[in-house]
Amino acid sequence: MTHGLTSAALAALLSCTAPAALFAETPADTLVVADAIDDIVSIDPHEAFEFSGVDLNNNLYDTLVELDPTKEGELVPGLAESWSVDDDGVTYRFKIRPGVTFSSGNPVTAEDAAGSLRRVVKLNKTPAFILTQFGFTPENVDQLITVEGDTMVLKTDKPYAPTFVYNCLTAGVANIVDMTTVMANEVNGDMGNEWLKANSAGTGAYVLKSYKPNEGYILEARAGHWRGDALIKNVFMRHIPEPATQRLLLEKGDIDIARGLTPTDVEGLAGNADVRIQDDVGGQLYYLAMNQKKPELANPKVLEAMRWAVDYQGMADTILKGQWGVHQAFLPKGFLGALTDTPYSLDVEKAKALLAESGVTLPLEVSLTVRNDQERMDIAQSVQNTFGQIGINLTLDVGDGSTVLGKYRARQHDITLQTWGPDYPDPHTNASTFAMNPDNSDEAGATGFLAWRTAWDPAELGPMTEAAVVEKDGEKRKAMYEEIQRKHRDTSAFVLMFQQQSQTGLRNAVQNFYTGGATDSVVYWLVTK
0 MTHGLTSAAL AALLSCTAPA ALFAETPADT LVVADAIDDI VSIDPHEAFE
50 FSGVDLNNNL YDTLVELDPT KEGELVPGLA ESWSVDDDGV TYRFKIRPGV
100 TFSSGNPVTA EDAAGSLRRV VKLNKTPAFI LTQFGFTPEN VDQLITVEGD
150 TMVLKTDKPY APTFVYNCLT AGVANIVDMT TVMANEVNGD MGNEWLKANS
200 AGTGAYVLKS YKPNEGYILE ARAGHWRGDA LIKNVFMRHI PEPATQRLLL
250 EKGDIDIARG LTPTDVEGLA GNADVRIQDD VGGQLYYLAM NQKKPELANP
300 KVLEAMRWAV DYQGMADTIL KGQWGVHQAF LPKGFLGALT DTPYSLDVEK
350 AKALLAESGV TLPLEVSLTV RNDQERMDIA QSVQNTFGQI GINLTLDVGD
400 GSTVLGKYRA RQHDITLQTW GPDYPDPHTN ASTFAMNPDN SDEAGATGFL
450 AWRTAWDPAE LGPMTEAAVV EKDGEKRKAM YEEIQRKHRD TSAFVLMFQQ
500 QSQTGLRNAV QNFYTGGATD SVVYWLVTK
C-alpha cells in the first residue's frame, strides 16, 4: 500500500472534501498542518507582510543571507556564498552561489538578485520600508543596486552597522525571485505582482502547487535543492481557525501539526500519549503606554509606581498560561542585545510609597484604552485591580481594534494596552520605535514612532539608538542595546510586560519542526515524521 498522494487526492485535500478514510492517518510523505491563515493579503514575496504569508514564502524562496534555524538565528550564507563591505562603509558586495537554479530551471544570477531588490523598491508595497530605509527610491535604485559579473553590489545612503544591513536582508521582503519568469507574467506594468499571488518563482526547497485564500495551500518538494532535498515530499496547510477543531483533528491523527491551540486546548491534550506540545518564543510584546500629555502620567514617581503595580507573574501563570511569558525590555528574546532579567514584580506597598512621594492628588482617575478582545480585557482588568490597590482608579475605555489604535495614533489615550511585533530581525526595528522620537510636536502628525504616539521624549536614548545602528563592532553594538533598554525600562513612558510564547501541538512522529522563533519564519524542509 502506498502513502503517496495522487493529484486527485491532493485536490480533494485542498477542497477539504476528502473522504474521512483519507484522514485516518496522514500520508507518510505529506506534512498536514492546521492554522488560521486568513491574515494573508498576498503571497507575492515582495508584498507579503503577514505571519502566514511570510511563513509560506520562507519555504518557496531564499534570501542572499539567511538565519540558520538550528543555530539560534546565526547569519549563514544563502544565495550569496560570501559577502563583504568596502572601506567606505556603504558599498556591499554579495557573490552569488554558483550552480543554483530556480524552480523553472533558470540559473540564479546576480541580475536576479539585483532585479529582485529593485522590484521591492519599485513596487513599494507595505514591507518595502525594510529596504528603503537605506536610502533607496524608485528613482535611484537602479544606480544603487548594480551587478559586477557574479556579484551584486549594493550602496547605502550612509555607513550603517553591517549586521543591520545583513539582518534586514534575511527578511522575507528580500527574497530573490526568478526575474525572467516573473517579468514574463507582467500585466499592465505590475512587475508580475498579480501572477505571484497564485504562483511561486523561487529557489526554495518547495514549489507552490495550489493556493486557495482562506482554504489552504499545497507545497511540493523540488529535487536537487541546493541546501539538500526537503525530507518530506508534500506540505498541506489547512485553514482551520477554530482551536478546538485543530485539537480534535490532532487527537484523531487527521493532522500532524496544530498551530493555533489555546491554553485550554493545550491542557486538554496533556494526557494524550500520541501528541506533545512544543514551546517556542515569538516576537510580539505586550506593553502599557502612558500619555505624557497628562501631567500626572509624566511624573517619574508615578511611572515607577506603575512598574511595581503590575501582577506580571500572576497573569503569566493564569490568564496567559503558556502563551505569554514575563518580559520587561523592548527587544524580544532572540534579538541581539535582548535583556532577559525581570527586575519588576508586584509590590503594592512599594508602589504606594512611590505614589505618596510623587505629590499627585489621590486617588488618581485615569482611563485605560483597550481592545475588546478577551485576553486583552483579562489583562486590563488585572491591571485595573492592582492599580486600584495603590490609589490609581482605572476606567476601562473599550473599543474595537481600529478605534483603539486610532486613539493611540492620535495621542488621545491616557493609558493604552497594546502589542508590538518586530518588522525585521535586527534590534533597530524595536529600538527605533520605542526609544526614538525626532519630533514630539503634534504637528509631526501620526508617525511610526511609538514614543511619539504616547508623547514621550526619549532625550539621550534617541542619539544612543542612532549610534547603535551604525556601530560596526558586533559586541559593542550588543552592549549599546543592553544599556538603551535598561535606561528605557526604568525611565520611559512604557511598561513592557510580556513576550509571546507559541505552543504548537505535534503528533509524536513529527521531528525538527522550527516555528522561526522571534526572528525568523517557519521551516518545513527539515521536518521528518
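Quick note on numbering: numbering that gives the first Met the number 0 labels position 164 of the sequence shown as 163, and the sequence is numbered without any gaps. Built from N, CA and C at the ideal position, the CB exists for glycine as well. For clarity, every value in this text was computed on a predicted model and none was experimentally measured.
Discussion item. According to DSSP, is P299 part of a helix, a strand, or is it coil?
Written reply: Correct three-state label for P299: helix.
Worksheet item: How should A222 be labelled, buried or exposed, when 16 other C-beta atoms within 10 angstroms of its C-beta is the threshold for buried?
Response: exposed
Discussion item. Cutting at 7 Å between CB atoms, please list the residues of its own chain near A467, excluding the five before and the five after it.
Written reply: A430, R476, M479, Y480 and I483
Fill in: R275, buried or exposed, once every other Cβ within 10 Å from all chains shown has been counted against 16
exposed
Worksheet item: Okay, do the stretch 348–363 and the stretch 396–412 touch, 3+ Cβ pairs below 8 Å being the bar?
Response: no
Fill in: Closest Cα partner of I389 within the set V301, I414, G447 and E465
V301
Worksheet item: When burial is assigned at 16 or more other CB atoms within 10 Å of the CB, is D533 buried or exposed?
Response: The structure shown does not extend to residue 533, since the chain is modelled only from 0 through 528, so no value can be given for it.
Fill in: Contact the stretch 506–526 vs the stretch 64–75: 3+ CB pairs below 8 Å
yes
Discussion item. Does F163 come out as helix, strand or coil in the three-state DSSP assignment?
Written reply: helix
Worksheet item: Does DSSP put I42 in a helix, in a strand, or in coil?
Response: If DSSP states are grouped into helix, strand and coil, I42 belongs with coil.
Discussion item. Is the beta carbon of M376 closer than 8 Å to that of V369?
Written reply: yes
Worksheet item: DSSP state of L153, grouped into three classes?
Response: strand
Practice prompt. Following the continuous beta strand (DSSP E) through M496, name the residue where it begins and the one where it ends.
Written response: F493 to R506
Discussion item. With a threshold of 8 Å between beta carbons, is K208 in contact with chain D?
Written reply: No chain D appears in the structure shown, which is made up of a single protein chain.
Practice prompt. Could you give the DSSP three-state label for Q245: helix, strand or coil?
Written response: helix
Discussion item. Since I231 and T527 should fall inside the 8 Å C-beta cutoff, what is the C-beta to C-beta distance between them, to a whole number of angstroms?
Written reply: 7 Å
Worksheet item: Exposed or buried, which one is P242 when buried takes at least 16 other CB atoms within 10 Å?
Response: buried
Fill in: First and last residue of the uninterrupted alpha helix (DSSP H) at S381
Q373 to I389
Practice prompt. Using alpha carbons as the reference points, say which of A27, Q380 and T514 lies closest to G252.
Written response: Nearest option by C-alpha distance: A27.
Worksheet entry | Segment limits, alpha helix (DSSP H) that includes S81 | No alpha helix (DSSP H) holds S81; the beta strand (DSSP E) holding it covers A79 to V84.
Discussion item. Considering only DSSP beta bridges, list what S209 is partnered with.
Written reply: I217
Worksheet item: Beta-carbon separation of L495 and Y205 under 8 Å?
Response: no
Item to complete: Please go through the same chain and pick out, in chain order, the residues whose beta-carbon is closer than 6 Å to the beta-carbon of P421, but skip the five residues on each side of it.
Response: Within the same chain, P421 has close Cβ partners G282, T428 and N429.
Worksheet item: With 16 other CB atoms within 10 Å as the buried threshold, where does T514 fall?
Response: buried
Worksheet item: What are the boundary residues of the alpha helix (DSSP H) that includes M479?
Response: G473 to T490
Worksheet item: Given that a residue counts as buried once 16 or more other Cβ atoms are within 10 Å of its Cβ, and exposed if not, what is D438?
Response: Of the residues assessed, D438 falls on the exposed side of the cut-off, its CB having fewer than 16 other CB atoms within 10 angstroms.
Discussion item. Short of 7 Å in beta carbon distance, which residues of its chain neighbour A112, apart from the five on each side in sequence? Order them along the chain.
Written reply: L63, L78, F93, I95, M151 and I175
Discussion item. Looking at the strands, I want to know which residues DSSP matches up with F433.
Written reply: DSSP, once it has assigned bridges, lists no residue as partnering F433.
Worksheet item: Where does K251 fall in DSSP's three states?
Response: helix
Fill in: Straight-line Cα distance separating G203 from P424
20 Å
Worksheet item: Count the other CB atoms within 10 Å of the CB of G52; is the residue buried (16 or more) or exposed (fewer)?
Response: buried
Worksheet entry | Reference E295; option with closest CA among K332, P331, R258 and E364 | E364
Discussion item. Quick test of your reading: T385 and L284, contact by CB under 8 Å. State the CB separation rounded to the nearest angstrom.
Written reply: 20 Å between Cβ atoms; not a contact.
Worksheet entry | Cβ neighbour criterion (16 or more within 10 Å) applied to N371 | exposed
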